[in-house]
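Novice:
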Amino acid sequence: MSNSIFAFGLGIGTQNKEGDWLEVFYSAPCLGAEKTTLDALVESTNYEGGNSTLVLDESDLNRLHMNLLKAGNIEQAELASRLKASTQPVILCVLATDEAPSNPAEVYLKLQLISHRLVKPHSTVLDGMFGLLINTAWTSEGPIDVRELADRQLSARMEGRTIEVFSVDKFPKMLNFVVPAGIRVGDAARIRLGAHLGEGTTVMHEGFVNFNAGTLGTSMVEGRISAGVVVGNGSDLGGGCSTMGTLSGGGNIVIGVGEQCLIGANAGIGIGLGDRCTVESGLYITAGSKVTVLDEDNQVVSTVKARDLSGQSDLLFRRNSETGAIECKTNKTAIALNEALHAHN
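Per the numbering used here: the sequence shown = residues 44 to 388.
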């Protein structure tokens, strides 16, 4: 057995009537582990190596508590002790290696590693995850397999209760699983688990952040960050703007936004932006858009497809008000965020 692992987590799971996992909540997932902690996992449970998901009973947790204390891992030892009081199934999920997940417990551990800022988007393998997740009703009584929802609703009504359904999705709200330090979010329903919100990020009510995507630092998000899109520190997304999902903008183009960029209100990008770029309000740039490149004297240098400019820095994209042509020139204006908007997160 290897002396190291990629990640592990002690969690509380929810199952459907068939015993399939709907979701797992890991309050303190760990990226990596020292050999003493790994030895404690082996000595306390049935873990025998590899990527594994185990259901623990009280005796397992007692042993794990004591062995983790001996290993010096106080945080996880205290968590193991506290979980002994759980009336819901307690899970130990160990990922010895970072490979495609094989069950929902592994998917949820990886998504929470991202949302806890332990790994950045694109830094863990999520291949095939959709096929592992069960379509779930996220309700006032917790997650319910959507196939079991009607029966649960009827039973609740017969008892004089109403089950409120907040969404039907394979992904829950991120903030029901983790609230990272230093953020503000106007509407929790618009942040999916697996989003990465950097410290100093504010997501306004119409902002949206998908899984395996997000911000790396201070940003004001009033637009859409689609799956896989990463926004660099100090960049702002204006109201109603949009970013195409990674790889959707032109086959092999990775959609991302560098540092100190501004995407104006109701604008959008289907190409990547380097640092210090600006996209004029209302302008949507797709990979195939024809762009007239101008020099400092506003003279035409060339006409290219936008994909040829993907990832380049210090660019200003605008639409010519007379001809309607998309133009690009060197961006001489630094984008300075309004520090007051991000203060006291």
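For glycine and all other residues, C-beta sits at the position ideal for the given N, C-alpha and C. Bear in mind that the values here come from a model prediction, so they are computed numbers and not experimental data.
(1) Using DSSP's beta-bridge definition, name the partner residues of Y327.
(2) Where are the beta strand (DSSP E) runs, 3 residues long or more, that stay fully inside the region 111-151, in chain order?
(3) Judging by CA-CA distance, which residue of D63, V300, L104 and G331 is the nearest neighbour of K348?
(4) Please confirm whether S282 and T261 have their CB atoms less than 8 Å apart.
(5) May I have a chain-ordered list of the beta strand (DSSP E) segments no shorter than 3 residues that lie completely inside the region 215-290?
(6) Alpha carbons only, please: which of Y151, L112, L126 and N59 is nearest the one belonging to C51?
(7) Excluding sequence positions up to five away, which residues of its chain have a Cβ less than 7 Å from the Cβ of I48?
(8) Would you kindly work out how many angstroms separate the C-alpha atoms of A383 and V264, rounded to a whole number?
(9) Counting C-beta neighbours from all protein chains within 10 Å, is the total for I117 16 or more, i.e. buried, or is it exposed?
(10) Measure the C-alpha to C-alpha separation of A308 and I134 and round it to an integer number of angstroms.
(11) State yes or no: is the C-beta of C304 within less than 8 Å of the C-beta of S278?
(12) Ordered along the chain, which non-local residues of its own chain (more than five positions away) have a Cβ less than 6 Å from that of T373?
(13) Comparing alpha-carbon positions, which option in W64, V274, R204 and L197 lies nearest I177?
(14) Where does S47 fall in DSSP's three states?
(15) Output needed for N46: all residues of its chain with C-beta closer than 8 Å, excluding positions within five of it in sequence on either side, in chain order.
(16) For the beta strand (DSSP E) that contains V347, what are its first and last residues?
(17) Taking one C-beta from the region 178-198 and one from the region 222-230 each time, how about it: are there three or more such pairs within less than 8 Å?
(18) If contacts are defined as beta-carbon pairs under 8 Å, then G266 and I306 qualify, I think. What distance do you get, rounded to the angstrom?
(19) Quick one: Cα of N363 to Cα of S324, how far?
(20) Less than 8 Å between the CB atoms is what I'm expecting for V162 and E142, so what's the real figure, rounded?
(21) What number of angstroms, rounded off, separates the C-alpha of Q131 from the C-alpha of G56?
(22) Are A256 and A238 close, meaning C-beta to C-beta below 8 Å?
(23) What do you get for G54, buried or exposed, if any count of 16 or more other CB atoms within 10 angstroms of its CB means buried?
(24) Inspect the beta-carbon positions of L259 and I234 and report whether they are closer than 8 Å.
(25) What are the start and end residues of the alpha helix (DSSP H) that includes A180?
(26) Should D318 be labelled buried (16 or more other beta-carbon atoms within 10 Å of its own) or exposed?
(27) What did DSSP end up calling L53 once you bin it into helix, strand or coil?
(28) Kindly indicate which three-state DSSP category E370 falls into: helix, strand or coil?
(29) Is G185 helix, strand or coil by DSSP?
(30) Give me the DSSP bridge partner(s) of I306.
(31) The beta strand (DSSP E) spanning T335 covers which residue range?
(32) Rounded to a whole number of angstroms, what is the C-alpha to C-alpha distance between K60 and D100?
(33) Put D194 into one of helix, strand or coil per three-state DSSP.
(34) Are the CB atoms of L154 and F251 within a distance shorter than 8 Å?
(35) What's the call for F220, buried or exposed, on a 16-neighbour Cβ count within 10 Å?
Specialist: Looking at the coordinates:
(1) G311
(2) 133-138
(3) G331
(4) Just to set this straight, residue 282 is Gly in the shown sequence, not Ser. Not a contact, by the Cβ cut-off of 8 Å.
(5) 256-258
(6) According to the sequence provided, residue 51 is Phe. The question's Cys does not apply to it. For the residues Y151, L112, L126 and N59, the minimum Cα distance to F51 belongs to Y151.
(7) G75, A76, L81, V137, L138 and A139
(8) Bear in mind that the predicted position of A383 carries a pLDDT of just 45, short of 50, making it unreliable; the figure below should be weighed with that in mind. Those two C-alpha atoms are separated by around 15 Å.
(9) exposed
(10) 44 Å
(11) yes
(12) D357
(13) With respect to the C-alpha of I177, the residue from W64, V274, R204 and L197 having the closest C-alpha is W64.
(14) coil
(15) K78 and L81
(16) V343 to K348
(17) no
(18) About 7 Å separates the two Cβ atoms, so the contact holds.
(19) 12 Å
(20) Wrong, their Cβ atoms sit about 14 Å apart, outside the cutoff.
(21) 7 Å
(22) Taking a C-beta distance under 8 Å as the contact criterion, A256 and A238 qualify as a contact pair.
(23) buried
(24) No.
(25) Following the DSSP letters along the chain, one finds A180 in no alpha helix (DSSP H) but inside the beta strand (DSSP E) bounded by residues T179 to T182.
(26) buried
(27) strand
(28) strand
(29) strand
(30) L280 and V322
(31) K333 to L337
(32) So the alpha carbons of these two residues sit roughly 20 Å apart.
(33) Assigned with DSSP and collapsed to three states, D194 falls in helix.
(34) no
(35) buried
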